[in-house]
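>
Numbering (the working numbering), first residue to last: 76 to 245.
(1) If contact is defined by three or more beta carbon pairs under 8 Å, each pair taking one atom from either stretch, is the region 125 to 134 in contact with the region 97 to 107?
(2) Quick check for students: name the residue ranges of the beta strand (DSSP E) that lie wholly in the region 138 to 208, counting only runs of 3 or more.
(3) So residue 153 and residue 175 are supposed to be a Cβ contact under 8 Å. How far apart are they, rounded?
(4) Which of the three DSSP states, helix, strand or coil, is assigned to residue 120?
(5) Mapping DSSP to helix, strand and coil, what is residue 212?
(6) Taking C-alpha atoms, which residue in 240, 145, 95 and 90 lies nearest to residue 184?
(7) Excluding sequence positions up to five away, which residues of its chain have a Cβ less than 6 Å from the Cβ of residue 85?
(8) Just checking, does the region 226 to 240 make contact with the region 90 to 99 on the three C-beta pairs under 8 Å criterion?
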């Protein structure tokens, strides 16, 4: 544990987690004439913490209003983290490599729906400013998304993604 952390907390206090993250993504499709696109989304995670690795299910929702149409995106999947510093009570900073895989459906608001398959991988930092079981998380990395079905041809969207969120362990 860090010199500022409370070493009196029991190991079980960081056994499970609930997290909420806010995603900011800047991507570009490989479709002809596509432009850069910026999206904002919210995601929730539940997970199990085994000190050097963590994993669990996730769900996310995104909406983008353009003119009179609002497109919505629902995704469900799983995530995993490898912690280079064991995530135990009292640790202030934890960093490592994380990834996720999810599938979902995009509704463009005009009756067309597309299936989504997405991967994300990149480094992360977890910060517990008081040494407690509540902290902040920042991820950065590469996102790859395949869109298929609907009236348009299949296409791939990829680029850099950032995520920031709050975590609570219990």
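For glycine and all other residues, C-beta sits at the position ideal for the given N, C-alpha and C. Computed from a prediction, not measured in an experiment: that's the story for all the values here.
Working from what's here:
(1) no
(2) 144 to 158, 168 to 182 and 188 to 202
(3) 7 Å
(4) strand
(5) strand
(6) 145
(7) For residue 85, the predicted structure reports a pLDDT of 48, less than 50, and the residue's modelled location is therefore unreliable. A value from the coordinates is still provided. No residues qualify anywhere along the chain.
(8) yes
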